[in-house]
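Heads up, the thing below is written out as structure tokens.
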Amino acid sequence: MNAADDTDARYLDGNAIGGPLTELYAADLTAAIVICASCGNEQPLAAHRVYPDAPAMVVRCPGCTSVVMRYASDARGVRFEMTGVRLLTVAMSSDETA
Amino acid sequence: MRLPDWPGHVAGQHVDVRLTAPDGYTAQRSYSIASPPGQPEVELVVERLDDGEVSPYLTDELRTGDQLELRGPIGGFFVWPEHSDTPVQLIAGGSGVVPFLAMLGHHQETQSDVPVGLLYSVRTDADVIARDELRPRAGVDVVLTFTRDAPVGWDGPTGRIDRDKLVRHTVRPEQRPAIMICGSTPFVEAVTRELVALGHGVDRIKTERYGGMGDGS
Chain A
154 MNAADDTDAR
164 YLDGNAIGGP
174 LTELYAADLT
184 AAIVICASCG
194 NEQPLAAHRV
204 YPDAPAMVVR
214 CPGCTSVVMR
224 YASDARGVRF
234 EMTGVRLLTV
244 AMSSDETA
Chain X
1299 MRLPDWPGHV
1309 AGQHVDVRLT
1319 APDGYTAQRS
1329 YSIASPPGQP
1339 EVELVVERLD
1349 DGEVSPYLTD
1359 ELRTGDQLEL
1369 RGPIGGFFVW
1379 PEHSDTPVQL
1389 IAGGSGVVPF
1399 LAMLGHHQET
1409 QSDVPVGLLY
1419 SVRTDADVIA
1429 RDELRPRAGV
1439 DVVLTFTRDA
1449 PVGWDGPTGR
1459 IDRDKLVRHT
1469 VRPEQRPAIM
1479 ICGSTPFVEA
1489 VTRELVALGH
1499 GVDRIKTERY
1509 GGMGDGS
């Protein structure tokens, strides 16, 4: 990925990758707290930038714009890369509705 | 829509709609749920984008009785703050109002006593979504601003949401409102920036950005 050039382009946020990630995870990850492996920034996945137009969905840190996750789904299957994540925390609430 | 195995949703969640062409090509888009959780049928609001891959099918071709491939409900972040002990301020640009319709409906269904305000930026009177559900009532304050053409006789705000409108028409930072903003990416960025400048904590602001282009009201 060519980092700097792409970061001004059209982007959404981590809410947009919530659906695709349900193919892999039972828990909702949009509310999960992500610590960026590059800068240590700590934010909910929903507050991250998501670039949906690349061949993969690319999730970038809202602090330093480093790539934290990439997700692709095609005939070969689902591929999910998250080397840019130092720690992912999913809060387990007792009154989980969904 | 009637959804047989629907597990129920939380106000603010969305679904992904997937269309598959006869040749196997698929296109998928996210749509916020407009109906409150207490309602048995699930309503989406679809804004038709002329160059869209999914919305023209949903608005022009889909008929009662047709089946759709859906994934959801999705999202646990951009949802109504159920046990908020501070007021809730909703700020919508264009079709970004849709998740807030579910929240206002839920607020009414549960007879919540949390004060809620909605500031809704929309291009023209004809673009207002769900006018009936946006009528102010006890505990609910709704303010519209028209960015292109205001209706005749309108004496409310006009023009885009700026710092002055936020000061006049939203809950003050001292009250520590839970703030939710939904709209196009430029809308969300601009409103968030102004709110932070006014003294609202970043940790009190939740946002959802819409993909539809040309909806920057």
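Sequence lines, in order, name chains A and X.
Heads up: the first sequence begins at 154 in this note's numbering, then just goes up one per residue.
Heads up: the second sequence begins at 1299 in this note's numbering, then just goes up one per residue.
Beta carbons are placed, not taken as given, at the ideal position from N, Cα and C, and that holds for glycine.
Predicted model only: the values in this text are computed from it and were never measured.
> Taking C-beta to C-beta, are Ala200 of chain A and Phe1375 of chain X nearer than 9 angstroms?
Replying inline: Cβ atoms of Ala200 of chain A and Phe1375 of chain X: closer than 9 angstroms.
> Would a C-beta distance cut-off of 9 angstroms place Val1469 of chain X and Pro1335 of chain X closer than the cut-off?
Replying inline: no
> For Pro1506 of chain X, does the count of other Cβ atoms within 10 angstroms reach 16, so buried, or fall short, so exposed?
Replying inline: Looking at the sequence shown, residue 1506 of chain X is not Pro but Glu. That one is buried.
>> Beta-carbon within less than 8 angstroms of Ala1476 of chain X's beta-carbon, same chain only, minus the 5 sequence neighbours each way: which residues are those?
In response: Only Pro1379, Ser1382, Thr1384, Pro1385, Val1386, Gln1387, Arg1502 and Lys1504 meet the Cβ criterion.
> Closest Cβ-Cβ distance between Met164 of chain A and chain X: below 9 angstroms?
Replying inline: It should be pointed out that residue 164 of chain A corresponds to Tyr in this sequence rather than to Met. Yes, contact with chain X.
> Exposed or buried, what is Gln1409 of chain X when buried is set at 16 or more other beta-carbons lying within 10 Å of its beta-carbon?
Replying inline: exposed
>> In the DSSP output, which residue or residues are listed as bridge partners for Leu1368 of chain X?
In response: X:Val1315
> If you follow the alpha helix (DSSP H) that Gly172 of chain A is part of, which residue opens it and which one closes it?
Replying inline: Per DSSP, Gly172 of chain A belongs to the alpha helix (DSSP H) from Gly171 to Leu174.
> Where DSSP assigns a beta bridge to Met222 of chain A, which residues make up the other side?
Replying inline: Paired residues: A:Val212.
> Any residues in the stretch 1496-1512 of chain X with a beta carbon nearer than 7 angstroms to a beta carbon of chain A? Which ones, in chain order?
Replying inline: Answer in chain order: Thr1505, Glu1506, Arg1507 and Gly1509.
> Curious, which full-length alpha helix (DSSP H) runs of at least 4 residues does the stretch 1392-1441 of chain X contain?
Replying inline: 1396-1407
>> Please classify Asp1528 of chain X as buried or exposed, where buried requires at least 16 neighbouring CB atoms within 10 angstroms.
In response: Any property of residue 1528 of chain X remains undetermined from this structure, which presents chain X solely from 1299 to 1515.
> What does Phe1376 of chain X touch in chain A if you count any residue whose Cβ is under 8 angstroms from its own?
Replying inline: Neighbours of Phe1376 of chain X in chain A, taken as residues whose beta carbon is under 8 angstroms from its own, are Asn168, Thr183 and Ala199 in chain order.
> Pro197 of chain A: buried (16+ other C-beta within 10 angstroms of its C-beta) or exposed?
Replying inline: buried
> Residues of chain X with a CB under 8 angstroms from the CB of Pro205 of chain A: which are they?
Replying inline: Those are Gly1509, listed as they occur along chain X.
> For Pro208 of chain A and chain X, any beta-carbon pair shorter than 9 angstroms?
Replying inline: no
>> Output needed for Gln1326 of chain X: all residues of its chain with C-beta closer than 6 angstroms, excluding positions within five of it in sequence on either side, in chain order.
In response: Asp1314 and Arg1316
> Could one say the Cβ of Asp1349 of chain X lies closer than 9 angstroms to chain A's Cβ atoms, at least one of them?
Replying inline: no
>> Assuming the contact rule is C-beta atoms closer than 8 angstroms, Arg239 of chain A and Ala190 of chain A should be a hit. Round their C-beta distance to whole Å, please.
In response: 4 angstroms
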